[in-house]
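**Student:** Numbering (our numbering), first residue to last: 180 to 447.
Virtual Cβ for every residue (Gly too), placed ideally from N, Cα, C.
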Amino acid sequence: MLNMNTIVGTHDIVFITFDTLRYDVAQAVWEQGRSPHLATLLPTTGWEARHSPGSFTYAAHHAFFGGFLPTPTPPGNYVRPFALTFGGSTTIAPETCVFDAGSIPEGLANRDYRTICIGGVGFFNQRSPLGRILPDLFQESYWSPELGVTDPLSTEHQVKIACDRLTTFPPTQHIFLFLNISALHQPNYFYLPGATKDSIDSHAAALEYVDQALAPLWQCLRQRAPTWGILCSDHGTAYGEEGYTGHRIAHPIVWTVPYTEILLSHLP
């Protein structure tokens with residue numbers, strides 16, 4: 180792990196959660212060469228399998244924003260990139276960036292980052308007190324139906340907002356950009372031609388769409404400033420395995436998520 184105290188204050192930071200993306204599907208799509216843009220960001224082994232701290236969006240993101248990211252699957256005590264001041268933690272090391280704040284977005288704002296949230300699934304829709312809890316951790320937050328689970332072009336709409344906001348600020352203003360990608364969540368049947376219901380195949384087809392739609396964002400980030408980032412899922416989802424459908428269940432398909440960290444050079 181990099182020393183995050185040398186990243187914070189020198190780099191933009193991007194955190195993208197591919198909501199509901201299963202590890203086995205993400206890795207298979209990578210192995211089959213169906214996510215060429217993401218492949219340029221991944222190591223030669225593809226996605227890393229990790230364990231999520233939550234089995235659905237709300238729980239997982241509360242943990243993430245508290246500094247508890249998905250952990251490697253082999254048993255061990257793994258050092259965290261970010262943490263909040265909390266007595267007794269055994270996963271904070273000198274290379275951990277520790278914030279005296281209530282959340283990672285608030286901690287970065289205290290370090291002069293502009294914090295931007297672009298939803299996402301319903302927990303980011305700002306339409307109810309519950310739907311405002313996570314977005315309210317950020318200085319800016321965006322949601323509309325065009326960014327949600329029912330719009331087949333949701334990722335493109337999210338990327339447009341992200342690039343518009345990134346180009347608004349001078350490079351001297353560091354940015355923490357968070358995107359919750361909604362396209363992989365059900366419904367996703369419309370990404371598979373001829374399909375009328377969701378399946379593991381339409382889930383994979385949704386990832387192919389997301390891969391293409393995210394491509395302009397990588398270019399925008401590189402043109403703006405050096406960027407460090409996390410790409411991961413918050414949880415998986417079941418498509419009939421052992422009789423289960425969906426998530427918010429204690430099943431390996433749900434707990435095991437794809438994860439990677441990226442470092443993008445500034446290419447003005």
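1) Would you tell me roughly how many angstroms separate the C-alpha atoms of Ala394 and His216, rounded to the nearest one?
2) So for Leu181, helix, strand or coil by DSSP?
3) Please report the residue range of the alpha helix (DSSP H) in which Ser231 lies.
4) Go ahead and pull the three-state DSSP assignment for Thr189.
5) Return the residue from the list Phe369, Cys342 and Leu332 that minimises the CA-CA distance to Gln391.
6) According to the neighbour-count rule (16 or more other Cβ atoms, all chains shown, within 10 Å of its Cβ), is Thr219 buried or exposed?
7) Since Ile409 sits in a beta bridge, which residues does DSSP pair it with?
8) Here's the rule I'm using: 16 or more other beta-carbon atoms within 10 Å means buried, otherwise exposed. How should Asp413 be labelled?
9) In the structure shown, what three-state DSSP assignment does Val277 receive?
10) When the Cα of Asp203 is compared with those of Thr416, Ser307 and Gly422, which residue comes out closest?
11) Suppose you measure from the CA of Gly188 to the CA of Gly422; what does that come to, to the nearest Å?
**Tutor:** According to the structure data:
1) Position 215 of the sequence shown holds residue 394. Position 37 of the sequence shown holds residue 216. Going from the Cα of Ala394 to the Cα of His216 covers about 6 Å.
2) Indexing the sequence shown from 1 puts residue 181 at position 2. Here Leu181 sits in coil by DSSP.
3) Position 52 of the sequence shown, counting from 1, holds the residue named residue 231. No alpha helix (DSSP H) holds Ser231; DSSP gives it neither H nor E.
4) Translated into positions along the sequence shown, residue 189 becomes position 10. Note: Thr189 maps to coil in three-state DSSP.
5) Here residue 391 refers to the residue found at position 212 of the sequence shown. Selected option, being the one with the closest Cα: Leu332.
6) Working through the sequence shown from its first residue, we reach residue 219 at position 40. Its Cβ having fewer than 16 others within 10 Å, Thr219 is exposed.
7) In the sequence shown, residue 409 corresponds to position 230, counting from 1. Answer by DSSP bridge pairing, in chain order: Phe194 and Glu440.
8) Reading the sequence shown from its first residue, position 234 is the one you call residue 413. The residue in question, Asp413, is buried, as its Cβ has 16 or more Cβ neighbours within 10 Å.
9) Walking along the sequence shown from the start, residue 277 turns up at place 98. It is a strand residue.
10) Position 24 of the sequence shown, counted from the first residue, corresponds to residue 203. For Asp203, the nearest C-alpha among the options comes from Thr416.
11) By one-based count along the sequence shown, residue 188 stands at place 9. By one-based count along the sequence shown, residue 422 stands at place 243. Their backbone Cα atoms lie some 48 Å apart in a straight line.
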